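Quick note on the working numbering: the sequence shown kicks off at 3 and runs consecutively.
Worksheet: the structure to be examined is printed underneath.
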Amino acid sequence: MKLKDLIEHVRTSAQLAAVLEASGWPKPGNVHRTIDHSDARYEHFLAGSIALGSSIGEAALKGYMVAQGRLSISKIGVGKLVKKAVQA
Numbered sequence: 003m004k005l006k007d008l009i010e011h012v013r014t015s016a017q018l019a020a021v022l023e024a025s026g027w028p029k030p031g032n033v034h035r036t037i038d039h040s041d042a043r044y045e046h047f048l049a050g051s052i053a054l055g056s057s058i059g060e061a062a063l064k065g066y067m068v069a070q071g072r073l074s075i076s077k078i079g080v081g082k083l084v085k086k087a088v089q090a
């Protein structure tokens, strides 16, 4: 598998996992596809699931680079990737 295809597979798998988790039902006390809260709606979780894609793709690339010995684990920048995903 080409690196580009691998990264795309990881990205789309993470997005699908997040969408499926948000779509689970029932979730007593939590937002789900039939229950919104005053400050959070089901659609927010769907949008967030899609928005995390670029950060997950970047994390997959960096993980690959670490596995190949081309990047140190300390240079991944997990905190920055999480911040980027949250701000997307």
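All C-beta atoms in this analysis are idealised placements derived from N, C-alpha and C, irrespective of residue type, glycine included.
As the structure is a prediction and not an experimental result, all values here were calculated from the model.
Handout entry: Length of the line joining the Cα atoms of V84 and S57
Key = Along the sequence shown, read from residue 1 onward, the residue named residue 84 stands at position 82. Along the sequence shown, read from residue 1 onward, the residue named residue 57 stands at position 55. Taking the straight line joining both Cα atoms gives about 7 Å.
Handout entry: Proximity of A90 and A61 at Cβ, strictly below 8 Å
Key = For this step, residue 90 is matched to residue 88 along the sequence shown. For this step, residue 61 is matched to residue 59 along the sequence shown. Here A90 is not near A61, since their CB atoms are 8 Å or more apart.
Problem - R72 versus L5 - alpha carbon distance - result: In the sequence shown, residue 72 corresponds to position 70, counting from 1. In the sequence shown, residue 5 corresponds to position 3, counting from 1. Going by the C-alpha atoms only, they are around 14 Å apart.
Problem - Alpha carbon of K82 to alpha carbon of L8, nearest angstrom - result: The sequence position of residue 82 within the sequence shown is 80, counting from 1. The sequence position of residue 8 within the sequence shown is 6, counting from 1. Those two C-alpha atoms are separated by around 22 Å.
Problem - Supposed close pair R35, S51 - CB separation, criterion 8 Å - result: Stepping through the sequence shown from its first residue, residue 35 is reached at position 33. Stepping through the sequence shown from its first residue, residue 51 is reached at position 49. Between S51 and R35 the Cβ distance is about 13 Å, and since that is not below 8 Å, they are no contact.
Handout entry: Backbone CA spacing between K1 and Y44 [nearest angstrom]
Key = Lying before the first or after the last residue shown, residue 1 is absent from the chain, which here runs from 3 to 90.
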